[in-house]
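**Student:** Sending over a structure as structure tokens; questions will come in a sec.
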């Protein structure tokens, strides 16, 4: 995924009201960005560090700029735009990067499924093969050298695990895929210290046949893409 037009940068001042962030440009001007991340962004906010943002040409937008990347104090990069995760997975599937999910002919997005009024992020299908239901989660929380998900209690995430377990029980292939949008995260684990119910459900999901994968992103100010698998420590 290339950033076009090129991203611009500024220094983070603060994030507030969940969907807004103020930044200061090099000339001292302060602007407000749209923050496309509904999570807590725990350990992703570093006031005074460089942020990278895109700019829309849509005149109807109240906030023309969208926060894309955060620079960490150690020089790492975090993909702030959690909505990019599904597109990054689709791009990687089309390029054959995710070898565990190769061999399917059709890819669909946001298909209704399950018993709890859900939509699967990605559905893969092929003749003579079970359908493959993929839930995609963006992982950005880094604590003591370990990547974690979720960064806050996630009832929605718990629901998706139950839905995946149900799909597996019906004989379909069910996959939870963590998209690691943090260059300093090299393995993912359930955040039992934040959401113990999610951690317990993830263990049950694995035992019931749900596959759990994680792929790290390579991130720069010009592009972001899935590149390498990494361990998931259930």
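Numbering (the numbering used here), first residue to last: 19 to 252.
Think of the CB as a built atom: it goes at the ideal place given N, C-alpha and C, for glycine as much as any other residue.
Find the nearest neighbour of residue 138 within the set 97, 175, 237, judged by alpha-carbon distance.
**Tutor:** Selected option, being the one with the closest Cα: 175.
**Student:** Measuring alpha carbon to alpha carbon, tell me which of 248, 51, 191 ends up nearest residue 223.
**Tutor:** The shortest C-alpha separation from residue 223 is found at 191.
**Student:** Can you tell me whether residue 107 is helix, strand or coil according to DSSP?
**Tutor:** Three-state result, residue 107: helix.
**Student:** So, is residue 126 buried or exposed, given that buried needs 16 or more other C-beta atoms within 10 angstroms?
**Tutor:** Residue 126 is exposed by the Cβ-count criterion.
**Student:** DSSP on residue 124, reduced to helix/strand/coil?
**Tutor:** Note: residue 124 maps to strand in three-state DSSP.
**Student:** Jot down the residue ranges of each uninterrupted beta strand (DSSP E) in the segment 52-123, minimum 3 residues, whole runs only, in chain order.
**Tutor:** Within the segment 52-123, the complete beta strand (DSSP E) runs of at least 3 residues are 68-73, 83-89, 95-97.
**Student:** Tell me the rounded alpha-carbon separation between residue 50 and residue 81.
**Tutor:** Distance between the alpha carbons of residue 50 and residue 81 is about 7 Å.
**Student:** Please report the residue range of the beta strand (DSSP E) in which residue 178 lies.
**Tutor:** First-last for residue 178: 173-187, but that is the alpha helix (DSSP H), not the beta strand (DSSP E).
**Student:** Would you kindly check if the distance between the Cβ of residue 83 and the Cβ of residue 75 is under 8 Å?
**Tutor:** Contact flag unset, no.
**Student:** So residue 167 and residue 206 are supposed to be a Cβ contact under 8 Å. How far apart are they, rounded?
**Tutor:** The pair is a contact, with the Cβ atoms about 6 Å apart (cut-off 8 Å).
**Student:** Is the beta carbon of residue 204 closer than 8 Å to that of residue 248?
**Tutor:** Yes, the pair counts as a contact, with Cβ atoms nearer than the cut-off.
**Student:** Is the segment 118-133 in contact with the segment 144-154, if contact means three or more CB pairs nearer than 8 Å?
**Tutor:** At 8 Å Cβ cutoff, the stretches touch.
**Student:** May I ask which residues mark the beginning and end of the alpha helix (DSSP H) holding residue 215?
**Tutor:** Unbroken alpha helix (DSSP H) run through residue 215: 214-225.
**Student:** Using 10 angstroms around the beta-carbon of residue 165, count the other beta-carbons present and answer buried if the total reaches 16, otherwise exposed.
**Tutor:** Buried, by the Cβ-count rule.
**Student:** Classify residue 128: buried if its beta carbon has 16 or more other beta carbons within 10 angstroms, exposed otherwise.
**Tutor:** Result: exposed.
**Student:** Taking buried to mean at least 16 other C-beta atoms within 10 Å of its own C-beta, is residue 208 buried or exposed?
**Tutor:** Result: buried.
**Student:** Determine the contact status of residue 239 and residue 85, defining contact as a CB-CB distance below 8 Å.
**Tutor:** Not in contact: residue 239 and residue 85 (Cβ atoms no closer than 8 Å).
**Student:** For residue 167, report the span of its beta strand (DSSP E) as first-last.
**Tutor:** It spans 164-167 - the beta strand (DSSP E) in which residue 167 sits, taken as one unbroken run.
**Student:** If you run the structure through DSSP and keep just helix, strand and coil, what is residue 42?
**Tutor:** It is a strand residue.
**Student:** Do residue 67 and the ligand ZN come close, with the Cβ less than 7 Å from some heavy atom?
**Tutor:** Annotation note on the ligand ZN: not contained in the displayed structure, which lists no ligands.
**Student:** Evaluate residue 225 with the Cβ neighbour count: other Cβ atoms within 10 Å of its Cβ, from every protein chain shown; 16 or more gives buried, anything less gives exposed.
**Tutor:** Under this definition residue 225 is an exposed residue.
**Student:** Let me make sure I understand the geometry here. Which of 34, 53, 30, 228 has the alpha-carbon closest to that of residue 42?
**Tutor:** The shortest C-alpha separation from residue 42 is found at 30.
**Student:** So, with DSSP's three-state summary, where would you put residue 4?
**Tutor:** Outside the displayed span of the chain (19 to 252) sits residue 4, for which this structure offers no information.
**Student:** Run the CB neighbour count on residue 5, radius 10 Å, all protein chains shown included, and call it buried at 16 or more, exposed below.
**Tutor:** Not covered by the structure: residue 5. The range shown for the chain is 19 to 252.
**Student:** In the DSSP assignment, find the unbroken beta strand (DSSP E) run with residue 3 in it and report its ends.
**Tutor:** This structure gives no information on residue 3, because the portion of the chain shown stretches from 19 to 252.
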